[in-house]
Amino acid sequence: MKYFVFSLCVFAAVIWATPSHAQATQFDITPKVCVVLQQHEFCDLELKISWQSQLPQDVCLFQNNQQIQCWNDSKKGLYSHKARVQVETIYSLVNPHTGSKIATAKVEVQSTEAKTTRRRLRSPWSFFNSGATNGKDFTC
Numbered sequence: 000m001k002y003f004v005f006s007l008c009v010f011a012a013v014i015w016a017t018p019s020h021a022q023a024t025q026f027d028i029t030p031k032v033c034v035v036l037q038q039h040e041f042c043d044l045e046l047k048i049s050w051q052s053q054l055p056q057d058v059c060l061f062q063n064n065q066q067i068q069c070w071n072d073s074k075k076g077l078y079s080h081k082a083r084v085q086v087e088t089i090y091s092l093v094n095p096h097t098g099s100k101i102a103t104a105k106v107e108v109q110s111t112e113a114k115t116t117r118r119r120l121r122s123p124w125s126f127f128n129s130g131a132t133n134g135k136d137f138t139c
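At position 20 of the sequence shown the residue is numbered 19 (numbering that gives the first Met the number 0), and the sequence of numbers has no breaks.
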């Protein structure tokens with residue numbers, strides 16, 4: 000019993016003494032969707048980008064793999080960005096020292112144009128129904 004209490008105390012001390020490096024970073028981009036008339040058209044947007052973290056940090060904003068903006072030793076950031084997108088675009092907050100992604104968000108491009116292909120509603124074959132017999136004279 001004495002060893003159990005000692006082990007429990009050591010376990011609790013280790014848990015409370017370990018610093019938490021995981022910090023939640025809020026990352027928001029508006030608008031998240033752009034609607035175009037036809038597929039493959041460009042969409043011009045004025046994006047409002049904001050982020051906030053619990054601790055001050057160095058952060059860079061990337062559009063796909065291109066750096067757009069950086070902040071040094073900041074807890075939050077606001078940025079307006081004129082974007083011309085044609086396909087889904089990924090925005091990321093990245094630690095410039097380690098290259099690790101802190102948060103990501105995406106902007107989607109959708110078209111109002113009707114799609115020319117239709118999904119088949121049923122299978123082209125049937126295990127129980129061969130088209131020639133119409134399933135009426137099936138014998139075992």
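Ideal placement from N, C-alpha and C gives every residue a C-beta, glycine not left out.
Computed from a predicted structure; not experimentally measured.
Query	Result
Would you mind reading off the limits of the beta strand (DSSP E) that contains N71?	Q65 to V84
Per DSSP, Q56 is paired with what?	S73
Three or more beta-carbon pairs under 8 Å between the stretch 66-78 and the stretch 101-109, yes or no?	no
Return the Cβ separation of L92 and T24 in integer angstroms, given the expectation that the two are a contact with Cβ distance under 8 Å.	7 Å
Can you tell me which of the three DSSP states F41 falls into?	coil
Could you check the C-alpha separation between L148 and K105 for me, to the nearest Å?	Residue numbering for the chain in the displayed model covers 0 to 139; residue 148 lies beyond these limits and cannot be assessed.
How should V108 be labelled, buried or exposed, when 16 other C-beta atoms within 10 angstroms of its C-beta is the threshold for buried?	buried
Taking contact to mean 3 or more Cβ pairs, one atom from each stretch, closer than 8 Å, check whether the stretch 75-91 and the stretch 42-59 are in contact.	yes
Taking all protein chains shown into account, do 16 or more other C-beta atoms lie within 10 angstroms of the C-beta of V58, making it buried, or fewer, making it exposed?	buried
Using the C-alpha atoms, what's the distance from L120 back to N64?	40 Å
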